[in-house]
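Chains as they are written, first to last, in this note's numbering: chain A, 1 to 364; chain B, 1001 to 1364.
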């Protein structure tokens, strides 16, 4: 599989939903495989909150491949021998696309809290500019889970002629207060962490120790990505063997898992980016910009493939089913699959074997 | 209704599950109504994580009554014209019973992190001492929800001859990793808050501003006390009217709710107490001290009334049902009610009208 990682610079303005303008801006992206002559084999991949454009393959020296490597590659469900796959990093991110720690042109200082709020609609508008810059005007498919699924759905509505097929997993039609509340833990924990310094921290301030506020917010995140049953299967009531049951800070295995994963995360993810991306997730609402959800959904022309996971405690299956029922009544081409899984929301990253056949089928 | 609030001092040692000893110790308690001559009308109330012995009635100047005032009082489900109700504050709490900020005798300095870990078993053992001190050897009933339900269940097993009826709501047979993970947010947020000073904060340090770490942990708590549907009903996607949708820190109503409730809470609740009580909840396991859960449950002689709430996302109905099925198979007297409610775990504090009839019936 041929992998290329690029950053493209745009000096034209990106008009944001807020009325503000991002200019200039950059988009980091990665491609897998090769484009065919009539450009009919392009598949766009959209990433989730903590993801990046690095969806597949290994970087030199890395032990872990991209976040959907099980799905994207030669002979895999998204077969890079057949498809030219583009995976872009959302604006607002800290992995290469313009985000709050990018230089606020013409100054060389980072935007920090002066970075404009971006929305899912803005993220995909930026991707449209990239596609257009690459000379790509039609996509075979758009695929994404969680916030990536939001983008896929938003693409289907805002740009109805862009893609043949839309595959959206573990997402919703509008973020519900339950999810906003989980995100609130992160927002408050980051904001109130004195080392966050109201966004004025040094650029590499958290590389060594991580920001506690982000780690704490991420614990809440991890709860919402798992499910009660997956935690039961994974950890049960097992206690860390060297900790004392009657020590105040002795830990259950589930606690050790939360500590370990979140502390590492807080070293590698920029807290301002986290705040901005969480904001984009909170404000996600397919209805915004249209009169009703029905009007928005009615615009869809692509074949829609909605996938949810039975044990998803962040975006509940009924939320995707809601879109499906609406499209079905309209006679729009749509199918909906609720996958049996114990893994909770994380299933879209973990239980690939439960839906890769489905994706393969769509792409055949 | 006659209300009395007392603190009883014990100079005898309390032997804890950990092998440590608490000595001396005090228990704060409140009584409602009057004991009859043959002492056959005593009902014991057990409180939850954030509760206290103040379960009913108004304190002078307070706008809010005790936490179960809708249930306890003259003519109410737990009728104080008929029953003598005792509500005790658990050890480890910050509302009058001995806890981590109490004096570590013979010094006058608080225990702080030297306070021993206490368990649900320890909490009820302390209550047994209080009852015995009051000359009460038999209870008409024990009633509690959430951590109060854990105490009620533990009473049923550890002291099978104590009460005629046990009413346990919104609890479990052993705290599952899902709940421990929610508590982990609070543990980490408190521990990592610099103002917590590893437990060495000044006694009234948080009266004015509250401890951020506790407030943040409490947000995670509130998520687990509500349910996706109750949040939808209560807040929907409503945005705070004076906040901007495209301001990074603009808030949805659910966010304002979380801020408001948790900031106030963090001014009034001692963070060390929170850590110790959360530890007691995490370590709750009816099996501990017995060979199996089956052996533990087999000890029960009281009539058991188990109540759960359909939308409880903290202690799921199937957890209470598990105890019920076990008892049913053993031919032990037990009934189980799963109440239809949108309110989530909080239903045991809020939707009193959905189960007060049930409690009334048990007590008649």
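Beta carbons: idealized from backbone N, C-alpha and C, even for Gly.
query	result
Closer than 9 Å to chain A by CB, residue 1192 (chain B)	yes
Beta-bridge pairing of residue 169 (chain A) - partner residues as DSSP gives them	A:145, A:307
Residues that residue 1030 (chain B) bridges to, as DSSP identifies them	B:1005, B:1087
Residue 301 (chain A): contacting residues in chain B (beta-carbon distance under 8 Å)	Going along chain B, no residue has its Cβ under 8 Å from residue 301 (chain A), so there is no contact; the nearest lies around 27 Å.
Rounded Cβ spacing between residue 1308 (chain B) and residue 1343 (chain B) (contact assumed at less than 8 Å)	Their Cβ separation, rounded to whole angstroms, is 12 Å, which puts residue 1308 (chain B) and residue 1343 (chain B) out of contact at 8 Å.
Euclidean distance between Cα positions of residue 1082 (chain B) and residue 1315 (chain B)	32 Å
Nonlocal neighbours in the same chain, by C-beta distance under 7 Å from residue 118 (chain A), ignoring five residues either side	16, 91, 92, 276, 280
Selected residue, minimal CA-CA separation from residue 1246 (chain B), among A:20, A:2, A:12	A:20
DSSP three-state assignment for residue 1284 (chain B), whether helix, strand or coil	coil
Residue 1320 (chain B) vs residue 1298 (chain B) beta-carbon contact at 9 Å	no
For residue 1296 (chain B), three-class secondary structure by DSSP	helix
7 Å Cβ cut-off: residues of chain A touching residue 1189 (chain B)	189, 216
Residues of the segment 172-189 of chain A with Cβ closer than 7 Å to any Cβ of chain B, in chain order	174, 176, 177, 178, 180, 181, 182, 184, 185, 188, 189
Continuous beta strand (DSSP E) assignments of at least 3 residues falling wholly in the segment 194-271 of chain A	none
Cβ pair residue 1044 (chain B), residue 1139 (chain B) closer than 9 Å	yes
Within 9 Å, strictly: CB atoms of residue 1027 (chain B) and residue 1126 (chain B)	yes
Exposure label - residue 58 (chain A); buried when at least 16 CB within 10 Å	exposed
Cutoff 9 Å: residue 1019 (chain B) Cβ touching any chain A Cβ	yes
Which of helix, strand or coil DSSP assigns to residue 15 (chain A)	strand
Burial state of residue 244 (chain A) (16 or more Cβ within 10 Å)	exposed
Beta-bridge pairing of residue 94 (chain A) - partner residues as DSSP gives them	Paired residues: none, contrary to the question.
Beta-carbon gap between residue 1216 (chain B) and residue 1181 (chain B) smaller than 9 Å	no
Test: residue 1237 (chain B) CB closer than 9 Å to a CB of chain A	yes
Alpha-carbon spacing of residue 1232 (chain B) relative to residue 1223 (chain B), whole angstroms	12 Å
Inter-residue CB distance, residue 1185 (chain B) and residue 1278 (chain B) (contact presumed, cutoff 8 Å)	Rounded, the Cβ-Cβ distance is 10 Å, inconsistent with contact.
Chain-ordered chain B contacts of residue 228 (chain A) [CB-CB under 7 Å]	1176, 1178, 1316
Proximal residues to residue 193 (chain A) (C-beta, below 7 Å), its chain only, five neighbours per side dropped	211, 212, 213
DSSP bridge partner residues for residue 103 (chain A) (one or two, in chain order)	A:110
Supposed contact pair residue 52 (chain A) and residue 95 (chain A) - C-beta distance, whole angstroms, cut 8 Å	4 Å
As assigned by DSSP and simplified to three states, the class of residue 351 (chain A)	coil
Cα-Cα separation between residue 368 (chain A) and residue 1100 (chain B), rounded to whole angstroms	Not covered by the structure: residue 368 (chain A). The range shown for chain A is 1 to 364.
Beta carbon proximity, residue 204 (chain A) to chain B, threshold 9 Å	no
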